[in-house]
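Start counting at 1 in the sequence shown, then tack on 145, and there's your number in this note's numbering.
We treat Cβ as the ideally placed atom computed from N, Cα and C, and that holds for glycine.
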Amino acid sequence: MFLQPYKYDYWNSYNFIAVSLVFLLSLVIVDYKLLNIKEIIISFIIYSLLTVFSIGVLVSSILIFLILVILLVIILFYLLLFLSIIIVFISLLIFFVILGIFLIILFLLITFITFVTLVLSAITVVLIILFTSIVLISLFVFIFLIVFTVFLSLFLIILIVSLSIFLIFFTLGLLIFLLVLCLTVFSVIAVLSSTVLLALIIYLICVSIYFIFKHWCF
146 MFLQPYKYDY WNSYNFIAVS LVFLLSLVIV DYKLLNIKEI IISFIIYSLL
196 TVFSIGVLVS SILIFLILVI LLVIILFYLL LFLSIIIVFI SLLIFFVILG
246 IFLIILFLLI TFITFVTLVL SAITVVLIIL FTSIVLISLF VFIFLIVFTV
296 FLSLFLIILI VSLSIFLIFF TLGLLIFLLV LCLTVFSVIA VLSSTVLLAL
346 IIYLICVSIY FIFKHWCF
């Protein structure tokens, strides 16, 4: 693999370390006076830390991208939740308006029928008038109870469904928030680790330059 440099990618993590080790060993074999053991160890540490730093930066970038994507998903999620709640409340408002109009029309219709019946039955016997009035009032009460029960059941069903949807979305949002929080903590730790590694690499580079300068000058 090392005899075909144009066929393989040597700039990934593991191949880069291997090529560096081969290069250092070849220098030692050709002329062991060029570098001493300390400088070889320092160079190996520098290459290793550079590889770790590059991996840390890549992981941090991926985590930050995932956090941005998850935040966008959360924003869209809560926007859809807000729109669904608005639609549910508008539906309930329309429902109650229609219910009120229906009850008013029903009341006016029954009142009109009762009035017409009373006028037409004014010439009849009082018992017939009373019987008709009782029947109409009972019919009105019965119809009103049926309509009220039906609409109350529909309202309770819509309310329960809305609360269930809200609880489901709220739970999912809370879980996504906790996931984002964990990813944020991990990304901050990765960035801090990368910063510490960068400082160590700069320090080791300075020490290596100092040893090389000392070796060649003295």
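With 16 other Cβ atoms within 10 Å as the buried cut-off, status of residue i
i: A344; result: exposed
i: L228; result: exposed
i: S339; result: buried
i: S298; result: exposed
i: S283; result: exposed
i: S236; result: exposed
i: S309; result: exposed
i: S205; result: buried
DSSP state of residue i mapped onto helix, strand, coil
i: T316; result: helix
i: T262; result: helix
i: F147; result: Model confidence at F147 stands at a pLDDT of 41, short of 50, so the residue's coordinates are unreliable; what they give is reported in the following sentence. Three-state DSSP puts F147 in coil, outside helix and strand.
i: T269; result: coil
i: Y177; result: Confidence is the limiting factor: at Y177 the pLDDT is only 48, short of 50, which leaves the residue's position unreliable, though a coordinate-based value still follows. Coil, per DSSP.
Beta-carbon proximity list for residue i, same chain, < 6 angstroms, skipping 5 on both sides
i: I232; result: none
i: T259; result: L281
i: L244; result: F296
i: V202; result: S339
i: L257; result: Residue 257 is actually Phe in this sequence, not Leu. No residues qualify anywhere along the chain.
Distance cut-off 7 angstroms: residue i Cβ against heavy atoms of the ligand NAD
i: F240; result: No copy of the ligand NAD occurs in the structure displayed, which carries no ligand at all.
Same chain only: Cβ atoms within 8 angstroms of residue i, ignoring 5 sequence neighbours per side
i: L328; result: L208, L211, I212, I215
i: F240; result: F296, L299, F300, I303
i: F247; result: V292
i: F222; result: F314, L317, G318, I321
Sequence-distant residues of the same chain with beta carbon closer than 7 angstroms to residue i, five excluded per side
i: I250; result: none
i: S307; result: V233
i: L238; result: none
Nearest-angstrom beta carbon gap, residue j and residue i [assumed within contact, 8 angstroms]
i: I273; j: L263; result: I273 to L263, Cβ: 11 angstroms. No contact.
i: I190; j: L349; result: 6 angstroms
i: I230; j: F311; result: 7 angstroms
i: I313; j: F285; result: Actually they do not touch by this definition, with Cβ atoms about 42 angstroms apart.
i: F322; j: I220; result: Not a contact, Cβ separation roughly 12 angstroms.
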